[in-house]
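Data first, discussion second: the structure below is written as structure tokens.
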Amino acid sequence: MSKINFKHGMVEMTHGAGGKAMHQLIEQLFLKAFDNEWLLQRRDQASFTVDNSRLVMTTDGHVISPLFFPGGDIGSLAVHGTVNDIAMAGATPLYLSVGFILEEGFSLNDLQKIVLSMAKAAKEANVAIITGDTKVVERGKGDGVFITTTGIGVVPAEVQLTNQIAAGDKVIVSGFIGDHGIAVMSKRQNLQFNTEIISDSAPLHSLTTQMLQAVPNIHCLRDPTRGGIAGVLNEWANQYGLGFVIDENALPIRDAVRGACELLGIDPLYVANEGKLVAVCAAADADNLLAAMKAHPQGLDAAIIGVAISDANCFVQMKTSFGGRRIVDWLAGDQLPRIC
Amino acid sequence: MKYISEFRDGKMAQLIAEKIKRTVESNRHYAIMEFCGGHTHAIHRYGITSLLPSNIELIHGPGCPVCILPIARIDYAIALAQLPQVILCSYGDMLRVPGSDQYSLLKAKAKGADVRMVYAIDDALMIARQNPTKEVIFFAVGFETTTPPTAVALLQAQKEQLKNFTIFCNHVLTPIAMQALLEAERNDMDCRGGPLCPPLLEGRHRGLPLRSDLQIEKRKGLDGFIGPSHVSIVIGSNAYKTVAEQYQKPVVIAGFEPLDVMQSIEMLVLMINEQRYGIENQYTRAVSPLGNIKSQQFIAQTLELRDRFEWRGLGYIEKSAMKIKAEFSEFDAEIRFPMTIAEGKEHKACECGAILRGAKKPQDCKLFATACTPENPLGSCMVSSEGACAAYYAYGRLSNE
Numbered sequence: 001m002s003k004i005n006f007k008h009g010m011v012e013m014t015h016g017a018g019g020k021a022m023h024q025l026i027e028q029l030f031l032k033a034f035d036n037e038w039l040l041q042r043r044d045q046a047s048f049t050v051d052n053s054r055l056v057m058t059t060d061g062h063v064i065s066p067l068f069f070p071g072g073d074i075g076s077l078a079v080h081g082t083v084n085d086i087a088m089a090g091a092t093p094l095y096l097s098v099g100f101i102l103e104e105g106f107s108l109n110d111l112q113k114i115v116l117s118m119a120k121a122a123k124e125a126n127v128a129i130i131t132g133d134t135k136v137v138e139r140g141k142g143d144g145v146f147i148t149t150t151g152i153g154v155v156p157a158e159v160q161l162t163n164q165i166a167a168g169d170k171v172i173v174s175g176f177i178g179d180h181g182i183a184v185m186s187k188r189q190n191l192q193f194n195t196e197i198i199s200d201s202a203p204l205h206s207l208t209t210q211m212l213q214a215v216p217n218i219h220c221l222r223d224p225t226r227g228g229i230a231g232v233l234n235e236w237a238n239q240y241g242l243g244f245v246i247d248e249n250a251l252p253i254r255d256a257v258r259g260a261c262e263l264l265g266i267d268p269l270y271v272a273n274e275g276k277l278v279a280v281c282a283a284a285d286a287d288n289l290l291a292a293m294k295a296h297p298q299g300l301d302a303a304i305i306g307v308a309i310s311d312a313n314c315f316v317q318m319k320t321s322f323g324g325r326r327i328v329d330w331l332a333g334d335q336l337p338r339i340c
Numbered sequence: 341m342k343y344i345s346e347f348r349d350g351k352m353a354q355l356i357a358e359k360i361k362r363t364v365e366s367n368r369h370y371a372i373m374e375f376c377g378g379h380t381h382a383i384h385r386y387g388i389t390s391l392l393p394s395n396i397e398l399i400h401g402p403g404c405p406v407c408i409l410p411i412a413r414i415d416y417a418i419a420l421a422q423l424p425q426v427i428l429c430s431y432g433d434m435l436r437v438p439g440s441d442q443y444s445l446l447k448a449k450a451k452g453a454d455v456r457m458v459y460a461i462d463d464a465l466m467i468a469r470q471n472p473t474k475e476v477i478f479f480a481v482g483f484e485t486t487t488p489p490t491a492v493a494l495l496q497a498q499k500e501q502l503k504n505f506t507i508f509c510n511h512v513l514t515p516i517a518m519q520a521l522l523e524a525e526r527n528d529m530d531c532r533g534g535p536l537c538p539p540l541l542e543g544r545h546r547g548l549p550l551r552s553d554l555q556i557e558k559r560k561g562l563d564g565f566i567g568p569s570h571v572s573i574v575i576g577s578n579a580y581k582t583v584a585e586q587y588q589k590p591v592v593i594a595g596f597e598p599l600d601v602m603q604s605i606e607m608l609v610l611m612i613n614e615q616r617y618g619i620e621n622q623y624t625r626a627v628s629p630l631g632n633i634k635s636q637q638f639i640a641q642t643l644e645l646r647d648r649f650e651w652r653g654l655g656y657i658e659k660s661a662m663k664i665k666a667e668f669s670e671f672d673a674e675i676r677f678p679m680t681i682a683e684g685k686e687h688k689a690c691e692c693g694a695i696l697r698g699a700k701k702p703q704d705c706k707l708f709a710t711a712c713t714p715e716n717p718l719g720s721c722m723v724s725s726e727g728a729c730a731a732y733y734a735y736g737r738l739s740n741e
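If you're matching them up, the sequences are chains A and B in order. Using the numbering used here, you'd call the opening residue of the first sequence number 1 and step up by one each time. Using the numbering used here, you'd call the opening residue of the second sequence number 341 and step up by one each time.
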């Protein structure tokens, strides 16, 4: 992995895109500076124990543009994102905090819409927003509104998520991928196209609860947000020192998403999701887990998409429907459309 | 998905592969160039090489708009972006291409330049209308595919009398570049020098394990071309007449889907076997002999040939690029913002030039996959997904490691 040039380098958009550059920044700056056992778990949340209770804590910044998109808005997204990061540790989300950074001149009507949407999402997810902070920056110093949410949850005693992956483990995705990213892109100012796709933004803890009841020792859970499925699998491959082989024919992708991706020249494996999860479990548990997922409304379209393999190169490979194999690498920067 | 999956049918690919195997003459070598980066991408993404007999060699051509732009033009674009009150717009991949000292438009943006990625030149026109106090410059790149929209934008800007919109025009021409490659090769047949000769000879059979027991005849020169898809929609299949007739090469216009490529290779092998030259069209669902006449008229109305233009890897080629006509000079960024740009500085070890000529393969470059990776591209071929290096990096490493 190449070294970041801290002396002359500067922050670029790629540092926040969920790909290799962001991974490098986390490894070479944050992990090194904050160095502790919880951070070294390298997950979207940290698990720790207080008086024999297993607690989980996570934080998330939301800077999405546009603020309102088909199927959600920055407010509901901020709640779902944090609730999901807690759920992916097998925990029940309890409390959230929220920090607003507002730009001078931002419409109060829009702010109200966002806050009411947050309240509704929190109520539906059965979490309380119990503290918060508000700051305003001068016009031009922010993009309307930025929201940071922090969440705390508790892991039920029976849950035994191992956070280990071994060769032979199966990879399951909970439903159609790419919906959120394509829904948001369809409303970007310079890219308006008509699609019936709406964001999949949703809280996932009721699904994870049902999954963990069926298979208490699921190996890993992750919500594939920025960087998509490819990002999650590459992070795991890197973290656990193994590879993955996924099957293109098994990937649940809506035709509309596939079509939009073809048109834009992007790959649905890298497109963000906000209401889907990827689970890894022992091969022997896979059918059982898949059945539990399919029995939940959020897992109707779940599918086993691949398997972990031993591979010193830590490659994520895909068996293509054309009959070949190819590498599904980290995303180098933002996905950019091709020119011709 | 309808009209996509049919062209990516693995079973059909096996059938065509069998046909190709039966058709090739085992005692000869087939050197086929896919001119277009789109084809390079498809060939790697779908692992087409692995379906072909070992005596068919696919040589990657220079048809990647991001790759062939010389560093000096990128430096010019970066300098434009850094002018006060300028908003510079361009297509996605262009922003990441390193100019001199590895500086790129993305880096200029991080330093404060207003650089915007757009999906179409219309967006740049819109930005110009919305920002009358700013100078909006569109960094136009690409082969004939992206040229018609530039032409239409010029007409539109003139009609609206936009005072703050200019185009930095870098459109280049496909058939001329093919001819330049073949011309270099022709001079090369009995020469010992010249800028293009040695690498073209030296690299011809690189990267392909030739089996000694087969006594393959090592032919000099390209045996044929897989012709561009989208470019040909605009210019028509007749546009390759000179390539086909004067240089006596078979050209098969091919679609971008993997079965298109497979079928085109089969057609080329037949033509080569029968020593037929000329143009055949596999991509009949989109390409006609005359192309898109209306697009051609827009181009003729607004743009004209440059005397010469520098191509990365190929050097200066006469009449190989377009510039904005004098009647539209008020929209020409090169006239509105003239600049003297020093000759661009390539990374010393970068082999993009030889790779673009088809003389070297990405893995022949010392920097490939070590210092030069998609997240830190040192040369243009690693930037665009159509670039040979990026395609090898993304899809080729599996078989090499």
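Glycine included, every Cβ here is placed at the ideal spot set by N, Cα and C.
The residue among B/Phe479, B/Asn613, B/Ala640 with its C-alpha nearest the C-alpha of alanine 371 of chain B is B/Asn613. Residue contact with chain B for serine 310 of chain A: absent (no Cβ-Cβ distance below 8 angstroms to any residue of chain B).
Taking a 10 Å sphere around the C-beta of serine 390 of chain B, we find fewer than 16 other C-beta atoms and assign the residue as exposed. For tryptophan 651 of chain B, the three-state secondary structure derived from DSSP is strand. Within the DSSP secondary-structure output, aspartate 247 of chain A pairs in a beta bridge with A/Lys319.
Contact between arginine 413 of chain B and asparagine 510 of chain B holds, since their C-beta atoms are separated by about 6 angstroms, short of 8 angstroms.
Nearest CB-CB separation between threonine 320 of chain A and chain B: below the 8 angstroms threshold. Looking at the backbone, the Cα of alanine 166 of chain A and that of arginine 54 of chain A are separated by about 24 angstroms. Contact annotation: lysine 319 of chain A and valine 245 of chain A have beta-carbon atoms nearer than 8 angstroms. In the pairwise beta carbon analysis, the region 208 to 220 of chain A is classified as touching the region 285 to 302 of chain A: at least three pairs are separated by under 8 angstroms.
Look at alanine 17 of chain A: its C-beta is not under 8 angstroms from any C-beta on chain B.
Assignment of leucine 204 of chain A by DSSP, reduced to helix, strand and coil, places it in the coil class. Taking a Cβ-Cβ cut-off of 7 angstroms, the neighbours of valine 11 of chain A in chain B comprise Ala450, given in sequence order. For glycine 178 of chain A, there are no neighbours in chain B by C-beta distance under 8 angstroms, as the nearest C-beta there is about 13 angstroms away.
Taken in chain order, the complete alpha helix (DSSP H) segments of 4 or more residues contained in the region 670 to 721 of chain B are 673 to 676, 692 to 696. Under the DSSP assignment, phenylalanine 638 of chain B falls in the alpha helix (DSSP H) whose first and last residues are 633 to 642. Taking each of A/Val316, A/Phe322, A/Asp110, A/Gly259 in turn and checking the Cα distance to arginine 737 of chain B, the smallest one comes out for A/Val316. Between the C-alpha atoms of tyrosine 431 of chain B and glycine 387 of chain B there is a straight-line separation of about 28 angstroms.
Contact check between the region 622 to 630 of chain B and the region 488 to 506 of chain B: fewer than three CB pairs, one atom from each, fall below 8 angstroms, which does not count as touching.
Taking C-beta atoms under 8 angstroms as the contact rule, arginine 258 of chain A and arginine 385 of chain B fail to qualify, at a distance of about 15 angstroms.
Residue pairing for proline 590 of chain B: DSSP places it in a beta bridge opposite B/Gly618. Residue ranges of uninterrupted alpha helix (DSSP H) with 4 or more members, entirely inside the region 372 to 438 of chain B and ordered along the chain, are 377 to 385, 405 to 408, 411 to 421.
Here isoleucine 172 of chain A is near alanine 303 of chain A, since their CB atoms are less than 8 angstroms apart.
Here the region 173 to 187 of chain A makes no contact with the region 124 to 135 of chain A; the two share fewer than three CB pairs at distances below 8 angstroms. Residue-level contact check: methionine 373 of chain B does not touch chain A, since none of the beta carbons of chain A fall below 8 angstroms from its beta carbon. In chain order, Asp255, Arg258, Gly259 make up the part of chain A whose C-beta sits under 7 angstroms from the C-beta of methionine 341 of chain B.
Annotation: the continuous alpha helix (DSSP H) that includes phenylalanine 34 of chain A extends over 31 to 34. No Cβ of chain B is located within less than 8 angstroms of the beta carbon of glycine 299 of chain A.
The beta carbon of glutamate 262 of chain A sits closer than 8 angstroms to some beta carbon of chain B. Proximity of chain A to isoleucine 344 of chain B at the Cβ level (cut-off 9 angstroms) is accounted for by Arg258, Gly259, Glu262, in chain order. Taking a C-beta distance under 8 angstroms as the contact criterion, arginine 222 of chain A and leucine 161 of chain A do not qualify as a contact pair. Taking C-alpha positions only, serine 628 of chain B is separated from serine 635 of chain B by approximately 13 angstroms. Unbroken alpha helix (DSSP H) stretches of 4 residues or longer found wholly inside the region 128 to 195 of chain A: 179 to 185, given in chain order. For histidine 511 of chain B, the uninterrupted beta strand (DSSP E) segment begins and ends at 505 to 511. Per DSSP, the beta bridge partners of lysine 663 of chain B are B/Glu644.
Among the CB atoms of chain A, none fall inside 8 angstroms of the CB of tyrosine 656 of chain B.
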